[in-house]
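**Q** If you count by the numbering used here, then the sequence shown holds residues 185 to 399, one letter each, in order.
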Amino acid sequence: MKNKFIGIMLLIIAVAWAVWSVFTGVTGLAKSGSELLSASSQKGTICETKVIFATEIFTVEHKMNFILPIGTEHYYFTMSEDGASPLLIKASREWYDKNFGADGMAKQPVTVKGEIQSHDARNYAKLSELNSKLQQIDKNVRVSQSVYLNSMYKTHYGMRLAMGLLSLSVGVAVLILMRSYRSGNLSGGAAKFLVIWMIVAVLGAIVLGFASNAV
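Here's what the structure looks like:
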């Protein structure tokens, strides 16, 4: 009875997590169209801007259990031909190395497209300090402390979708094991394989969950 209850709870959790992850992944990847980036751009909107200068100005490191490195968020202060961008842009280090020289100037104007997303509340103090430093250089320059432009939003949602599919596979495995427990039709080898797969899938989903926050 206890094993059955545990199995049902695992199934409910796996399915709920899977549905949420698949839904957010699919809806995120399905977003289309864009508007010009501005200080009034709203969270969830796909925006684009043309960048002629960029410099990495803010990073956030992610570690699982404070030990295992998962990834690093790279935020760039950018400028277009119209002046400083009102939002930081999150992009990969490879993106910067490919498009900008050592002085931060673009090798050619770079069009950046991404989704407006919210900064983690834990970063507000650092962002406030960053704005103080920027305003020491130019009193008219500051960046949003609440939102940023995520140029890697498709990778983020792709990871969410993969996490959901792994979670769904765990739910399917639990369902098969529960049914086989009643009928006894599943061989010992197949049962062991399903248990091993469940462990691997759960760990993979957890890692993807953490890693998706870094992109």
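No residue lacks a Cβ here, since even glycine has one placed at the ideal position from N, Cα and C.
#1: Quick one: what's Asn307 bridged to in DSSP?
#2: Can you tell me which of Ile230, Asn283, Val331, Val384 puts its alpha carbon nearest to the alpha carbon of Leu352?
#3: Can you name, in chain order, every residue of its own chain whose Cβ lies under 8 Å from the Cβ of Ser216, other than the five neighbours on each side?
#4: Have a look at the DSSP bridge pairing and note the partners of Thr262.
#5: Unbroken alpha helix (DSSP H) runs of length 4 or more, entirely within the segment 323-399: which are they?
#6: Looking only at its chain, what residues have a beta carbon closer than 8 Å to the beta carbon of Ile401, apart from the 5 residues adjacent to it on each side?
#7: Give me the residue from Val199, Ala398, Asn307, Pro293 with the minimum Cα distance to Met343.
#8: Please state if the CB of Val210 and the CB of Leu345 are separated by a distance shorter than 8 Å.
#9: I need the straight-line Cα distance from Gly285 to Phe237, nearest angstrom please.
#10: Give the single residue among Ile197, Thr208, Leu195 whose Cα lies nearest to the Cα of Lys338.
**A** Let me spell this out:
#1: To locate residue 307, count along the sequence shown from 1; it is residue 123. Answer by DSSP bridge pairing: none, since Asn307 is not bridged.
#2: Numbered from its first residue, the sequence shown carries residue 352 at position 168. Among Ile230, Asn283, Val331, Val384, the Cα nearest to that of Leu352 is on Val384.
#3: As a first step, residue 216 is located in the sequence shown; it is residue number 32 there, counting from the start. Cβ neighbours of Ser216 beyond the five flanking positions: Ile230.
#4: Counting from 1 along the sequence shown, the entry for residue 262 is found at position 78. For Thr262, which the question treats as bridged, DSSP gives the partners Ala238.
#5: 337-367, 372-395
#6: The question about residue 401 has no answer here: the residues shown for the chain are numbered 185 through 399.
#7: In the sequence shown, counting from the first residue as 1, residue 343 sits at position 159. For the residues Val199, Ala398, Asn307, Pro293, the minimum Cα distance to Met343 belongs to Ala398.
#8: Taking the first residue of the sequence shown as 1, we reach residue 345 at position 161. Taking the first residue of the sequence shown as 1, we reach residue 210 at position 26. In contact: Leu345 and Val210 (Cβ atoms closer than 8 Å).
#9: As a working mapping, residue 285 is identified with position 101 in the sequence shown. As a working mapping, residue 237 is identified with position 53 in the sequence shown. Near 9 Å, if we compare the C-alpha coordinates of Phe237 and Gly285.
#10: Taking the first residue of the sequence shown as 1, we reach residue 338 at position 154. Of Ile197, Thr208, Leu195, the residue nearest in Cα terms is Thr208.
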